[in-house]
């Protein structure tokens, strides 16, 4: 538990955007460029701080880092406690809910034709899930105070390390959390808010939704499921594995038949997130490391796909696949960018998506063989729905409406460049990322093992034939 | 050169990056030369590595160079590492060698294409991927190349993407190959679980030492074969290869004849200790699938009219031979046939490209004929390729096919008969093609108008840059058999079995023992029988197509490939699509319907309740009075107060 710097980085990360949004609100209405400037500078600054933290992050430690802890509502044991990774349940819930507000306005305010309905559905659906979590949080805290802790605390680490729940209690508490996360991920069958929200959201909204928000659910499963309720997570794993695999196949099949490009990408998200859930509940180092990596990868690839679809919409004012045709002929560079991102989403080796998917599958194979056999068909279906869509949109002879489709502009290219850079770099050299993820995953699995007596299955040791195993 | 083996894939990578960044500026023909030079460079490095390996003692001919740690997570440690051993260097030699020739040819063939430099961008990326595939030290590096060649194949088949058929064919190739990739991935998972590694040395080592359970070995072998059947176009996954002819002809020669499609055979050979450790039925499955594919595709080739489709089905058929060899434990013969096939099939594909080029993009053989007069070099080299594939001694194909048949007889007489029948058919359909294209009467003059040439339509010989590769490949098709000559009692000792000795360290665990079998004792007779079969096929075709004795037998059923493709397509487009649509509609109506239904339900109930909220004080006070009365009544009647 050490911070490489004394500067309260994490608190700054949270507070700076809040202050900036106040400034944007106060900025003069007649000069919209001020608002744009403030927003851009803040985002770049926050991004830079995160990169700084990534560099300062001690990748050999599995514990919490950059901890920032201040008493807040002391009488209830609520404190401002942030850490990579370590948080207060209370803060988690507050922010888990607050993210809905800007997203609601983003979709409802700047979305497409059916935006209000989609925004409302999104808001109510996820709120409903969160209600279960709120009850669970409170119950957890009070039951824990009576069982092992002796006082009221919302601190995740204390709760996870010191509280002891009866098996049936833990299961009920976990299910409360799980409902909220399952909706947020989303896991089949509570996924249907996602296609609506994605389709109706403006491009920026879709990118944030895919890149960040969905990960709250998968992150929650790891942090509050496996860590806080290891016994219940192990107990219910077949359920989650099954729902995950259904999500992979079902999401892919549904994606194949979509007529709207954005809806297609949204359903592909259901499939991709299925992989992440599969890896999470496989309880092996490779699978969970793959899941965490895939959270990042999905954000990059799907985020970039939404940007590209947004660019198509800007030009053609349609998202209907049937109205697009032959774009590769008129905009080859644009098509090439789309191709790279698409191949990453399909999971072609050498690009980022493959590494995560491969780790999830190979790790899950050790504990969930038959689920993996079915899940791996997802790679066939992913090729099918994306290539078919690509063919209809980019191949063929462009017709009258599509002939004037503009080539990729410089600004758009600069925007996509970091995405493509990450896609290629991570695919070829994932080691820096993997070695930052793995220690935390290992300590998580150790925690689960201590609590449940589970032991992670290891492959049979390699025969000594492998002479160059360790050295590089 | 072994220390710099990384240069072999690095040079095409450099070529790829150069064309990626400056391709449009370099333009035509510069981009072509850059790409060709890159491949030539890796060929030269490979030749150097070959001689380095030769100078090492046979048991130590294995050089691993680890580039960096690729996927390291806990017990799973996968390196980006290259393995140079006799097998990988053999593959790399013909991939880069033939690849270079095809690059040269393509410079001429793609002349004037608006996307000239992009074509070579893809070609270099392909060669890079193919080299990663064959040089990979573990299954994952091979898989990187495996998927890479698949992606390049997709780009190149749909190169002329404004054509709907080309776009569809590219997609079909990718998706079909992905079915195979499912098998390869599961094989890797199974291997990792059993051995804790996906490196060839660990997996094969475990198989050789007996540490790998037979059931696991069987699983790995058959799952890898699923992948091989996809990549190497075997039943039931061969479907994509005939359609792949939509790509430019140099692509058909490079990817769909000489290199990529042999990847499956390579993989099986690479894993031969695992196949040897698996249950007996595993190699039998491989042999049977190979034999049936060989026969099936040969029957289809007999009735094709498109010059490239004949060659495509012929390729499927010849790949079937290679799997027949693999399943019979004849790994040397499989690689031998792979090499000779690469020579003569690349030659004939390029030859067909030269014909198509000279005929102004005509591919129908019924509109050809007598082209030997106008395209003498193309015709001469094509005829050499024909003799090689038909199994006429001393051309290359005779030797390799003969060796496969020898091993086949030793393992199963039924498979041997299938192999022989296929040999007759091969000689027949290739002779048919040569006659229809190069001999007989010219049938193209009457179609001159189709080409808008108005009487000036005249096929022409191709430029030198296209003819040079043809001549070199023709030379190789003549002498290629020399790398693995049998003794026959007349071949001097120093000339025999070069390939066998060279590959011995790699294939020894799986190679069947042929000496001492009845087949081996009768091998001279078998060779004569094979020659007789070739002669039978050739003479029959001459009788039908040159002399006009007997009507051609080209039933519609064969021309349409036994309707297999259409049946699958009809299924995918019909019930398959309906099922997918049903899922999508289920999602909208049932899963989402329940959600929206809940919303509507809540709204409806709320709507009712809202009617009570009228805002009039009198209504509220009436309800208060009613409530008071109800409470009073309850106390009085139910509880009996008073």
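Protein chains in written order, with my numbering: chain A, 2 to 473; chain B, 2 to 643.
Every residue gets a Cβ at the ideal spot worked out from N, C-alpha and C, and that includes glycine.
Since this is a predicted model, take the numbers as computed values, not measurements.
Is it the case that the Cβ atoms of residue i and residue j are separated by a distance below 8 Å?
| i | j | result |
| --- | --- | --- |
| residue 481 of chain B | residue 340 of chain B | yes |
| residue 188 of chain A | residue 126 of chain A | no |
| residue 581 of chain B | residue 257 of chain A | yes |
| residue 196 of chain A | residue 264 of chain A | yes |
| residue 173 of chain B | residue 240 of chain B | yes |
| residue 266 of chain B | residue 372 of chain B | no |
| residue 208 of chain B | residue 142 of chain B | no |
| residue 315 of chain B | residue 264 of chain B | no |
| residue 228 of chain A | residue 445 of chain A | yes |
Using a Cβ-Cβ cut-off of 6 Å (strictly less than) and excluding sequence neighbours within five positions of residue i, which residues of its own chain qualify?
| i | result |
| --- | --- |
| residue 343 of chain B | 95, 99 and 259 |
| residue 460 of chain A | none |
| residue 194 of chain B | none |
| residue 149 of chain B | 130 |
| residue 532 of chain A | Residue numbering for chain A in the displayed model covers 2 to 473; residue 532 of chain A lies beyond these limits and cannot be assessed. |
| residue 150 of chain A | 163 and 164 |
Figure out for me which residue from the options has the closest Cα to the Cα of residue i.
| i | options | result |
| --- | --- | --- |
| residue 399 of chain A | A/338, A/332, A/155 and A/455 | A/332 |
| residue 325 of chain A | A/338, A/337, A/310 and A/334 | A/310 |
| residue 144 of chain A | A/168, A/302, A/267 and A/362 | A/168 |
| residue 282 of chain B | B/187, B/303 and B/219 | B/219 |
| residue 84 of chain B | B/78, B/103 and B/140 | B/140 |
| residue 368 of chain A | A/391, A/288, A/388 and A/128 | A/288 |
| residue 35 of chain B | B/122, B/251 and B/208 | B/122 |
| residue 25 of chain B | B/45, B/91 and B/114 | B/114 |
| residue 53 of chain A | A/14, A/37 and A/20 | A/14 |
| residue 221 of chain A | A/131, A/291 and A/45 | A/131 |
| residue 246 of chain A | A/376, A/284 and A/105 | A/376 |
| residue 219 of chain A | A/232, A/37, A/206 and A/241 | A/241 |
For residue i, which of helix, strand or coil comes out of DSSP?
| i | result |
| --- | --- |
| residue 252 of chain A | helix |
| residue 554 of chain B | coil |
| residue 403 of chain A | coil |
| residue 156 of chain A | strand |
| residue 641 of chain B | coil |
| residue 6 of chain B | coil |
| residue 71 of chain B | strand |
| residue 295 of chain A | helix |
| residue 281 of chain B | coil |
| residue 259 of chain A | coil |
| residue 515 of chain B | coil |
| residue 505 of chain B | helix |
| residue 198 of chain B | coil |
| residue 31 of chain A | coil |
Within a Cβ cutoff of 7 Å, which residues of the same chain sit near residue i, ignoring the five residues on either side of it in sequence?
| i | result |
| --- | --- |
| residue 177 of chain A | 133, 134, 136 and 137 |
| residue 625 of chain B | none |
| residue 385 of chain A | 257 |
| residue 24 of chain A | 39 |
| residue 290 of chain B | 230, 235, 236 and 324 |
Leaving out the 5 sequence neighbours to the left and right, which residues in its chain are closer than 8 Å to residue i when beta-carbon positions are compared?
| i | result |
| --- | --- |
| residue 435 of chain B | 383, 384 and 387 |
| residue 117 of chain B | 28, 29, 30, 32, 33 and 111 |
| residue 306 of chain B | 365, 366, 367 and 560 |
| residue 563 of chain B | 297, 300 and 301 |
| residue 236 of chain A | 168 and 172 |
TODO: Spell out a yes or no on whether the stretch 443-452 of chain A and the stretch 8-17 of chain B are touching, meaning 3 or more CB-CB pairs, one atom from each, closer than 8 Å.
DONE: Contact between the stretch 443-452 of chain A and the stretch 8-17 of chain B is absent, with fewer than three C-beta pairs closer than 8 Å.
Task: contact_flag[the stretch 336-344 of chain A, the stretch 270-279 of chain A] where n(CB pairs < 8 Å) is 3 or more - done: Touching, no.
- [ ] Kindly confirm or deny that the stretch 262-270 of chain B and the stretch 320-333 of chain B touch, where touching means at least three C-beta pairs closer than 8 Å.
- [x] By the C-beta criterion, the stretch 262-270 of chain B is judged to be in contact with the stretch 320-333 of chain B, since at least 3 inter-stretch pairs fall below 8 Å.
- [ ] Tell me, please, whether the stretch 51-58 of chain B touches the stretch 224-231 of chain B by the rule of three or more beta-carbon pairs shorter than 8 Å.
- [x] Here the stretch 51-58 of chain B makes no contact with the stretch 224-231 of chain B; the two share fewer than three CB pairs at distances below 8 Å.
- [ ] Please confirm if the stretch 291-302 of chain A is in contact with the stretch 404-411 of chain A, defined as three or more CB-CB distances below 8 Å between the two stretches.
- [x] Contact fails between the stretch 291-302 of chain A and the stretch 404-411 of chain A, because fewer than three Cβ pairs, one in each stretch, are under 8 Å apart.
Open item on the list: For the pair the stretch 524-535 of chain B and the stretch 394-405 of chain B, tell me if three or more CB-CB distances fall below 8 Å.
Closed with: Short answer: they touch.
- [ ] May I ask you to verify whether the stretch 245-258 of chain B touches the stretch 177-197 of chain B, counting CB pairs closer than 8 Å and requiring at least 3?
- [x] Touching, no, given that fewer than three Cβ pairs across the two stretches are closer than 8 Å.
Task: the stretch 338-357 of chain A touching the stretch 415-422 of chain A, judged by at least three CB pairs closer than 8 Å - done: Note that the stretch 338-357 of chain A touches the stretch 415-422 of chain A; at least 3 beta-carbon pairs, one per stretch, sit closer than 8 Å.
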